[in-house]
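The structure is reproduced here in structure tokens:
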């Protein structure tokens, strides 16, 4: 059911945030018939300009002024109301390199169900990469484009009619109330009536699903930080549009690739190459539009000639952070300060050189140099601010996405990514939310059974 | 046609055959990888002809067709009679440093081959004015 204030004073589970992570967690939890669930959303069914200002930040660094609140939508559906739909599985590189504390299979098993939710073809998980004959250094890794699924449209009916799942709109979570290691309640405020008193709603379990800025902010505002790196290590995906050219041997690419508005063709350095050479994931998008005659390794041939757009991984850097600013918003809550610098110019040239060497040496194609001057664009992907890890000393959540210092507080979304790969994150966000939902459901089932 | 004219004609033909035949013998007697590009079409000629591209003129400037030919032959990349060894080119590409030429990456051997192709084409145009022709003249091949 959809409400503008909580229907109950206590829920089994409260999920804060109704973007892809929050909605997907709710969908999975709703399969457990005994659970009473609330999803709290500070926005309304449609974007509201006043509420949207709650997503504003004090910004320092490389992100453009329009980044916030554009990429942190405060409305039902969250960022799914504006996303472009680009999807690819996360690279195995960061799992092999043990940046993630869970085996890749833990994530991989949820990709099929996630593909159904965001309406991707089966190939998105069945054949996420294709080997290229004659080289182990490069793989073909396409990006599949979701319609894109707008979670607010697709799941409106689910929330409207579900008897045990309440969607509570126009209600902002101010902070969490704790007793020892237990979160007992969330303090709520009407998003459009700051003059009204706040209220508290309790739950057995809480899930933060407020995005890469909202999740660490809720922990900071609730004083659930201790020695953990809450808000530290903010990651993005630098995008370099049409920053180089390549010639590609069309015959060496997989046979069945063709121009398709739902597929973005890309080459990547293979996971094994990245691990062996200690480099991060790196994706080079290309198109199939232009054939031209040129020479390659002593042969004259017809080849693809295409501009390349790079989508790259950057390492978590604790200088990139979300923390308190010296400003407050209209609800009287301290606004976040976001410090972010890509620090990617040098790495871009280094990575491109490695990619270029692999491309030419494999005989697959010829790269140009990167443009002498290029601009880094963002992907709108905020990751890593409540990172997953083995201990509170260097991470915020454990392998089940539970905040280390609590017994009943979990985090959903890309803020738990300890490494962001070079793939757009929504597909993995949805897969991870399914995993979290299933974990919580099994926990409750275990409790029920005794 | 009177007898004198006929004999003169035979004489001229014999002289031409003698000269061209000797030239062929002389030319064919050269070691195949010495840097000389034979005037008749070899497999390598045909392949170099396909690779000729004025895009590589700048790389060929100041380079000797003989030296390029010798170097590529030494690497096992070309043979007058067997043409270009593409497997060898791919093999070398795995180990050679990359060179940036006009904004694109090449292996050194590639650029040498394309420069040779450019000079070879220039030489075979027989203008007598191009750098390639100059090189041929220097080696006495013409």
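Residue numbers (this note's numbering), protein chains in the order written: chain X, 6 to 455; chain D, 2 to 143. Every residue, glycine too, gets a C-beta built ideally from N, C-alpha and C. Remember, it's a predicted structure, so these values are computed and weren't measured experimentally.
Among the residues of chain X, those whose CB is under 9 Å from the CB of residue 106 (chain D) are 358, 361, 362, 364, 365, 371, 372, 373, 374, following chain order. Shown in chain order are the members of the stretch 43 to 68 of chain D whose Cβ falls below 7 Å from a Cβ of chain X: 51, 52, 54. Each residue's CA atom was taken as its position, placing residue 437 (chain X) and residue 367 (chain X) some 36 Å apart. Among the residues of chain D, those whose CB is under 7 Å from the CB of residue 300 (chain X) are 52, 54, 115, following chain order.
Between residue 61 (chain X) and the set X:165, X:222, X:173, X:116, the nearest pair of CA atoms involves X:222. Measuring C-alpha to C-alpha distances from residue 406 (chain X) to each of X:211, X:146, X:157 identifies X:211 as the nearest.
Taking the CA atoms as reference points, residue 310 (chain X) sits about 34 Å from residue 434 (chain X). With respect to chain X, the C-beta atom of residue 111 (chain D) has a partner C-beta closer than 9 Å. Between residue 303 (chain X) and residue 114 (chain D), the beta carbon gap of about 6 Å places them in contact (Cβ cut-off 8 Å). Put simply, the backbone Cα of residue 86 (chain D) is about 23 Å away from that of residue 372 (chain X). Residue pairing from DSSP places residue 191 (chain X) in a beta bridge opposite X:181, X:206.
Listed in chain order, the non-local C-beta contacts of residue 415 (chain X) below 8 Å within the same chain comprise 210, 211, 212, 213, 402, 405, 406, 407, 408, 441, 445, local neighbours out to five positions each way being set aside. Counting the other CB atoms within 10 Å of its CB gives residue 181 (chain X) a total of 16 or more, which places it among the buried residues. It is roughly 15 Å from the alpha-carbon of residue 138 (chain X) to the alpha-carbon of residue 261 (chain X).
For residue 86 (chain X), the secondary structure class from DSSP, reduced to helix, strand or coil, is helix. Sequence-ordered contacts of the stretch 83 to 94 of chain D with chain X read 85, 87, 90, 91, 94 [C-beta pairs closer than 7 Å]. When rounded, the separation of the alpha-carbon atoms in residue 117 (chain D) and residue 70 (chain D) is 7 Å.
Ranking X:292, X:155, X:14 by CA distance to the CA of residue 204 (chain X) puts X:14 first. Assigned with DSSP and collapsed to three states, residue 307 (chain X) falls in strand. As DSSP reads the structure, residue 92 (chain X) sits in a beta bridge with X:149.
With fewer than three CB-CB distances shorter than 8 Å, the stretch 250 to 261 of chain X does not count as touching the stretch 324 to 344 of chain X. Using a Cβ-Cβ cut-off of 9 Å, residue 120 (chain D) does not count as an interface residue toward chain X, since no Cβ of chain X sits closer than that to its own. Remark: C-beta atoms of residue 45 (chain D) and residue 84 (chain D) approach each other more closely than 9 Å. In this structure, X:431 is the residue among X:410, X:411, X:431 with its C-alpha nearest to the C-alpha of residue 418 (chain X). A residue is called buried when at least 16 other Cβ atoms come within 10 angstroms of its Cβ; residue 39 (chain X) does not meet this threshold and is exposed. Assigned with DSSP and collapsed to three states, residue 49 (chain X) falls in coil, not helix or strand. Within 10 angstroms of the beta-carbon of residue 424 (chain X) lie 16 or more other beta-carbons, which makes it buried. Residue 270 (chain X) sits in a strand when the DSSP states are folded into three classes. About 5 Å separates the Cβ atoms of residue 274 (chain X) and residue 287 (chain X), confirming a contact at the 8 Å cut-off. According to DSSP, residue 110 (chain X) shares a beta bridge with no other residue. Contacts with chain D at 9 Å (Cβ-Cβ) include residue 250 (chain X). Between residue 344 (chain X) and residue 238 (chain X), the beta carbon gap of about 11 Å keeps them out of contact (Cβ cut-off 8 Å).
Taken through DSSP and simplified to helix, strand or coil, residue 345 (chain X) comes out as strand. Straight through space, the alpha carbons of residue 150 (chain X) and residue 191 (chain X) are spaced by roughly 37 Å.
Residue contact check for residue 451 (chain X) against chain D: no CB pair falls below 9 Å.
Taking 9 Å as the threshold, the shortest C-beta distance from residue 305 (chain X) to chain D falls below it.
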